[in-house]
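Q:
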Amino acid sequence: MRPVREQLEHDRLIRFLQAKYKKKQVEVAVNVGDERLNPVKIGPGTFFPDLVMTTGKKLSGLVEVETGE
Numbered sequence: 541m542r543p544v545r546e547q548l549e550h551d552r553l554i555r556f557l558q559a560k561y562k563k564k565q566v567e568v569a570v571n572v573g574d575e576r577l578n579p580v581k582i583g584p585g586t587f588f589p590d591l592v593m594t595t596g597k598k599l600s601g602l603v604e605v606e607t608g609e
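Following this line, the structure appears as C-alpha cells:
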C-alpha cells in the first residue's frame, strides 16, 4: 500500500500519460488505483499494468508507473 499522497501522485501521472499517448493515435486503457479492468494475459499469468496501449487489436505497449515508496 502506498500513502494517500503518493497514490494520488501515481494516479495523476497515469492520467497524464494516458492523455499523452492518446494524442499519438493509440488506444490507451488504464488501471488506476485498485481498478483491475484491463488485463493482459501472458502465458498462464494475468497482469494488470497501469497503462495498456493497443493499435487495433495489437498490443503496442505497457507502462507500469513506479513511485518512491
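The opening residue of the sequence shown carries number 541 in the working numbering; numbering runs sequentially from there.
Every residue gets a Cβ at the ideal spot worked out from N, C-alpha and C, and that includes glycine.
Note that this is a predicted model, so its numbers are computed, not measured.
In chain order, what residues of the same chain lie with their CB nearer than 6 Å to the CB of residue 546, ignoring the 5 residues before and after it?
A: Excluding residues within five positions, the ones whose Cβ falls inside 6 Å are 607 and 609.
Q: Taking the Cβ atom as the reference point for each residue, do residue 568 and residue 541 lie within a distance shorter than 7 Å?
A: Their beta carbons are not under 7 Å apart, which means residue 568 does not touch residue 541 by this criterion.
Q: On the DSSP bridge assignment, give the partners of residue 603 in chain order.
A: Note: residue 603 sits in a beta bridge opposite 591.
Q: Please report the straight-line C-alpha distance between residue 587 and residue 565, rounded to a whole angstrom.
A: Taking the straight line joining both Cα atoms gives about 24 Å.
Q: Measuring only from the beta carbon, is residue 572 closer than 6 Å to any heavy atom that is part of the ligand HEM?
A: Absence of the ligand HEM from the depicted structure is noted, as is the absence of any ligand whatsoever, leaving it without description.
Q: Using a 10 Å radius around the Cβ and a threshold of 16 neighbouring Cβ atoms, would you call residue 582 buried or exposed?
A: Classification for residue 582: exposed.
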